[in-house]
Amino acid sequence: MLARAVRLLLLWGGLLACCTGAWATTTVVHYTSADMLREEAASFKPLAATVDEAALPGGWTQVELPRVIDKPTASGAGKLPVVTTWLRVRLDALQGMKGPTHFYLIRWLAAGQIAVYADGQLHYRSTGSAVWNLFNHPALLLPLNLTADSPPPRTLLIRLDSLSTPEAAISSFYAGDSDSLVEMAAKRDWLAYQLPFMCSAAFLAVGFFSLAVWVVRRQPANLYLFAIALLSSTRRWHFQLGPEKLIVSDAWFIWLTLNALMWQSLITHYFLQFLHGRAMPRLSRVMLGMAVVFSVVTLPVTSVFPSLLALRPHAHLLLIGMGTLVLVVGLWHSWRSRSLDAKMLSIAFLLNYVFGVYDWARIKYVLDLESYYLTPYAAMVLFAVFVVIMFRQYVGALNGVERLNTGLEERLQSREAELAASYDKLRQVEQRETLSRERQRLTQDMHDGLGSSLVSALRVVEGGRLSEADVAEVLKGCIDDLKLTIDSLEPVEADLLLLLATLRFRLGPRLASAGVTLRWEITDVPALNWLDPRNALHILRILQEAFANILKHTRASEIRVATSAAEGYVNVIISDNGQGFDVARAFASGGKGLSNQQRRAQAIGAEILLESSGTGTRLTLRLAEKRPEP
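Read in order, the letters of the sequence shown correspond to residues 12 to 641 in the numbering used here.
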């Protein structure tokens, strides 16, 4: 019943039933019985090109198909004996049919070979070795007519040579209309082999993609995916390969398919541990040791074919035990965990396990010989589960990146808010410091300039040594000092000419009242990016002192103010037509005016050049365009 249900499921709800109804006509005959003859020998006998049915030994018996070939009774002098089974079928129902006809044998299983004779002539023989024929999918679809107009044969003889272990078997077969049988074989081949093969190839492609991801990211899950995909494809070679042999020997082929199943179960165990997060180091080491010992013990050696075939049923029992352990442990821990991926993988492994036990029962002929193998469809289940796992990992990675970006954005906003608050505090502190420095500078400047002048004037007035005109002159100088100090606070935006214009505005009336002509020969000069209020006051004081010296000592009638720029410097030139003085003696006398000018020039990184003769005095203030070093 199980086999019938599986068959109906795989044929999409009754496909076989529909086709069987069509084949029940006279065009296709389903043969479920045949005459059988057994022969036992110590080795395989060569196939003859022709067979005379009358020359075969007697003892034909009618048997039902499908049929499991009984084991021989003799030991064959220490060797595994060979059983030759003859099946004879009369094709009376096909006689008189017009058109091409075919013979379709659903399956035969034997560690040996098969041959088909039509009316005594060799019509087909298998080409693979005894072991190879046991593993590939040997469905036979043979034309019965030599030409389209020739009649079908009357008798078919099927010769099946096989080793006694494992037991051989042969299914029922069909004969009749070629189109119907070719369509039937194509549908069964697609369902049984092509569809699982495509899924297995896609699964293997996903595995190699996971390997590429593992090479870049070194995540264990991707390596496990690749290993399971590769091992799953390897263990199903005998379901997916045709009559063409591989380049490896039969012994190595058996070794690869058996060990691929063992290692697939082990890697699945490690992958489940990774997914559900419950490590079992002792059990994992025991299972790893079992896999290594199994791989070493089953390594191919010389003339190992019979012994390895005899070992295969016991190896299957060990593999079933290994799978049972992985299944029970994986299901238990996956269901206790919160990992959906672990639960899906454990369910997929459960289905693989059930399919594997089902196919093992079929190999033991417990179930219907003609039913479909289910193990190839396990790759479809694993492929679907692995695609879902990879999709979930990809989506999880995207969600993780989004959460990370959101967290980074929130932290960035928090840091920006902290920086903005810190910047406001620093700006307030800087403003207070700036105000404090300006207050100290103004206090110091007023003390040194205006305060000193007022104190000196007060002492002279108290001593009665100045006239009212002299006192007025001193007070005018004090007022000019105060005005220059205030002017230095105005923003000049690195414009020296604006600063000079301010000086002209303040000193012009005094020069005019003193009868001195001011010649203003100012030209455009580069901006001075270091010209702040402090440095501007130093420049104003230097130039103010120059004008004051001219008015007090030179008796000049004309003052010329000019500007120029060259070699990275801006020059402010003040010259007069007065009587001049001895520069060296003036510096040696220790006068405060010249020394104050030099001190202020050094404070702003400037240089004062002073020249004087009998025809006049020339002061050049050299200011660097770039910020000068103090």
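We treat Cβ as the ideally placed atom computed from N, Cα and C, and that holds for glycine.
Determine the contact status of Ile584 and Ala573, defining contact as a CB-CB distance below 8 Å.
yes
Return the residue from the list Leu192, Lys56, Thr72 that minimises the CA-CA distance to Ala126.
Lys56
What would DSSP say about Trp34, mapped onto helix, strand or coil?
Confidence in Trp34 is poor, its pLDDT being 39 and thus under 50, which makes the residue's placement unreliable; the coordinate value appears in the next sentence. If DSSP states are grouped into helix, strand and coil, Trp34 belongs with the helices.
Inspect the beta-carbon positions of Thr43 and Arg99 and report whether they are closer than 8 Å.
no
When we look at the beta-carbon of Thr335 and count the other beta-carbons within 10 Å, is it buried (16 or more) or exposed?
exposed
Going by the CB atoms, is the gap between Val74 and Ala121 shorter than 8 Å?
no
Quick check: Gly218 and His280, are their CB atoms within less than 8 Å of each other?
no
Terminal residues of the continuous alpha helix (DSSP H) containing Arg355?
First, the amino acid is wrong: residue 355 is Met here, not Arg. First-last of the alpha helix (DSSP H) with Met355: 351–374.
Please classify Arg246: does DSSP put it in a helix, a strand, or coil?
helix
Counting along the chain, where does the beta strand (DSSP E) carrying Val583 start and finish?
580–587
For Tyr135, collect the residues of the same chain with a Cβ closer than 6 Å to its Cβ; drop the 5 residues on either side in sequence, then sort them by chain order.
Val127, Leu153
I'd like the span of the alpha helix (DSSP H) that includes Leu269, first residue to last.
261–287
Check whether chain C comes within 8 Å of Glu636, counting only Cβ atoms and requiring the distance to be less than that.
Looking at the structure shown, chain C is missing, and only one protein chain is on hand.
Count the other C-beta atoms from every protein chain shown that fall within 10 angstroms of the C-beta of Leu634, then say buried if there are 16 or more, exposed otherwise.
buried
Beta bridge counterpart(s) of Phe394 as assigned by DSSP
None, per the DSSP bridge assignment.
If you follow the beta strand (DSSP E) that Leu529 is in, where does it begin and where does it stop?
528–532
Please list the terminal residues of the continuous alpha helix (DSSP H) segment that includes Leu206.
206–228
Coil, strand or helix - Thr628 by DSSP:
strand
In three-state DSSP terms, what is Ala129?
strand
In terms of alpha-carbon separation, which member of Leu67, Ile550, Asp63, Leu378 lies closest to Arg49?
Leu67
Specify, as a first and last residue, the run of the alpha helix (DSSP H) that Gln590 falls within.
No alpha helix (DSSP H) contains Gln590, which DSSP labels as neither H nor E.
Can you tell me whether Glu636 is helix, strand or coil according to DSSP?
coil
Taking 8 Å as the threshold (C-beta atoms), are Leu356 and Phe282 in contact?
yes
Spatial neighbours of Leu338 in its chain, beta-carbon cut-off 7 Å, leaving aside the 5 residues before and after:
Phe360, Leu361, Tyr364
Judging by CA-CA distance, which residue of Leu242, Glu618, Pro111 is the nearest neighbour of Thr158?
Pro111
Alpha carbon to alpha carbon, how far is Ala390 from Leu242?
11 Å
Taking only the alpha-carbon atoms, compute the straight-line gap between Trp346 and Phe285 and give it to the nearest angstrom.
14 Å
Measure the alpha-carbon distance for His344 versus His287 and round it to whole angstroms.
7 Å
Just grab the DSSP bridge partners of Arg101 for me.
Thr166
In three-state terms, what does DSSP make of Gln73?
strand
Work out the CA separation of Trp266 and Leu234 for me, nearest whole Å.
23 Å
Please classify Gln424 as buried or exposed, where buried requires at least 16 other C-beta atoms within 10 Å of its C-beta.
exposed
Roughly how many whole angstroms lie between the Cα atoms of Ser260 and Val412?
50 Å
Report the rounded CA-to-CA distance for Ile169 versus Ala196, giving the unit in angstroms.
19 Å
Following the continuous beta strand (DSSP E) through His41, name the residue where it begins and the one where it ends.
39–42
For Ser244 and Leu215, which I take to be in contact (beta-carbon distance under 8 Å), what is that distance rounded to the nearest angstrom?
5 Å
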